[in-house]
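Working notes for the structure below.
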Amino acid sequence: MPRFSPSTSSPRPLRRAGVPLALAAGSVLLPLSALAQQQTATMATDPALRPTVSPALDRISLSVGAFYAEPKVSATVGNSFASFNTGDVTADRKALPRIAGEVLLGDNHGISFEAFRYSQNYANAGTAGYTSGPFGVTGTAGLNLNFDLDVARLGYRYWFGSGNTVFGIGAGIGYYKVKLETNAFAAASANLPGLGFYGSNGNYSRQDSDDAVAPMLEVGVRHAISPDLRLFFDASGIRKGGSSGVHGSIYNAQLGAEWFPWRNVGVSLAYAVTDVDLKRDDPGLQGLRIKFQGPVAAVKARF
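Numbering (the numbering used here) for the sequence shown: -17 to 285.
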């Protein structure tokens, strides 16, 4: 398996994914928000029903922002006979749109939603020699990858405590979809029919698209320094086994603070790390590993 050093890395303009993701978030959170608002109104008129809710939690919240991430990407394209691997490619920092929301039902039951998209293209080329099965190749080869990655999660958390510090643990479902357009070229001294190369020169082009729904676990910690200044930590993991379609794992963690200079509107700042490791056993895209890390900034509304 050859490993090529990157020659260029040219990011594509980020597509406008915020609208469909926002619509998905709204379809999930709006009914729950209406229920939470109805509960709040009932409790306000009946003192006996007033809850003891931690000042670190909100009845309803919605944040829209961006993950300013530095990604490291590694992709493997091929089949059972031979394959290309890009090696670890460090891309330029770019802003990934993020949408998140939470609804608190009762005193301790939280429903949360989050979604983001990553879109990028890479060009790699080099000269290498390798032997794979019956094939031996020496020559120049290049690989161009254009891919989109969409990730969304919907989870339930039970929050323990009602003081300034609360701890939440829960589960839910995660969704991820990967689309890859692969274009490869080679000038070699042997045939590579397994990858679509014939003769001493050849080209290979295909598109892959797969998605999967998988179980998710998540934990969270909230601490209120004051009702308008709070610290938070969140971590979640999505993992799907099996040998068909997309399988693998996505892990995410972030640590940050939120400040509300106004009663219902504030800002949230955090540092996040996301590790995406997806695999496929079919020809084409066989592996995609992306590691993100960087700051997250968002505007947050609470009710």
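Glycine included, every Cβ here is placed at the ideal spot set by N, Cα and C.
Residues that DSSP places opposite residue i in a beta bridge
{"i": "LEU39", "result": "DSSP, once it has assigned bridges, lists no residue as partnering LEU39."}
{"i": "SER94", "result": "GLU84, GLY137"}
{"i": "SER208", "result": "LEU211"}
{"i": "THR147", "result": "HIS205"}
{"i": "ALA73", "result": "In DSSP, ALA73 forms no bridge with anything."}
{"i": "PHE142", "result": "PHE149"}
{"i": "GLN102", "result": "PHE129"}
{"i": "GLY224", "result": "Bridge partners of GLY224: none, in fact."}
{"i": "PHE49", "result": "LEU78, VAL278"}
{"i": "PRO265", "result": "Bridge partners of PRO265: none, in fact."}
Local Cβ density within 10 Å of residue i, reported as buried at 16 or more and exposed below that
{"i": "LEU131", "result": "buried"}
{"i": "ALA153", "result": "exposed"}
{"i": "VAL281", "result": "exposed"}
{"i": "ILE272", "result": "buried"}
{"i": "ALA7", "result": "Residue confidence is low: ALA7 scores 47 on pLDDT, short of 50, so the model does not pin down where it sits. No coordinate-derived value is stated."}
{"i": "ASP40", "result": "buried"}
{"i": "ASP263", "result": "exposed"}
{"i": "ASN234", "result": "buried"}
{"i": "ILE151", "result": "exposed"}
{"i": "ARG212", "result": "buried"}
{"i": "ASP216", "result": "buried"}
{"i": "VAL195", "result": "exposed"}
{"i": "ASN246", "result": "exposed"}
{"i": "THR34", "result": "exposed"}
{"i": "ALA26", "result": "Any reading at ALA26 needs caution, since the residue's pLDDT is 48, under 50, leaving its predicted position unreliable; the model's value is listed next. Counting Cβ neighbours within 10 Å, ALA26 comes out exposed, since fewer than 16 surround it."}
{"i": "GLY202", "result": "buried"}
{"i": "GLY156", "result": "buried"}
{"i": "ILE220", "result": "buried"}
{"i": "ILE207", "result": "exposed"}
{"i": "GLY223", "result": "exposed"}
N-terminal and C-terminal residue of the beta strand (DSSP E) that residue i is part of
{"i": "VAL255", "result": "247 to 261"}
{"i": "VAL85", "result": "76 to 87"}
{"i": "ALA241", "result": "The question names Ala, but residue 241 in the sequence shown is Trp. Here the beta strand (DSSP E) through TRP241 covers 229 to 241."}
{"i": "GLY60", "result": "54 to 60"}
{"i": "SER65", "result": "65 to 67"}
Presumed contact (8 Å Cβ cut-off) between residue i and residue j, rounded CB distance
{"i": "PHE274", "j": "ALA51", "result": "4 Å"}
{"i": "SER36", "j": "GLY83", "result": "Incorrect: roughly 18 Å between the Cβ atoms, too far for contact."}
{"i": "THR164", "j": "SER191", "result": "No, THR164 and SER191 are not in contact; Cβ-Cβ is about 12 Å, not under 8 Å."}
{"i": "LEU270", "j": "VAL160", "result": "6 Å"}
{"i": "ARG80", "j": "PHE98", "result": "5 Å"}
{"i": "GLN268", "j": "SER65", "result": "6 Å"}
{"i": "ASN146", "j": "HIS205", "result": "6 Å"}
{"i": "VAL148", "j": "ALA38", "result": "5 Å"}
{"i": "SER144", "j": "ASP89", "result": "7 Å"}
{"i": "ARG135", "j": "SER218", "result": "6 Å"}
So, do the segment 136 to 144 and the segment 231 to 250 have three or more beta carbon pairs nearer to each other than 8 Å?
The segment 136 to 144 vs the segment 231 to 250: no contact.
Three or more C-beta pairs under 8 Å: does that hold for the segment 40 to 55 against the segment 72 to 91?
Touching, yes.
At a cut of 8 Å, does the segment 248 to 257 reach the segment 220 to 230 through at least three beta carbon pairs?
Contact between the segment 248 to 257 and the segment 220 to 230 is absent: fewer than three C-beta pairs spanning the two stretches fall below 8 Å.
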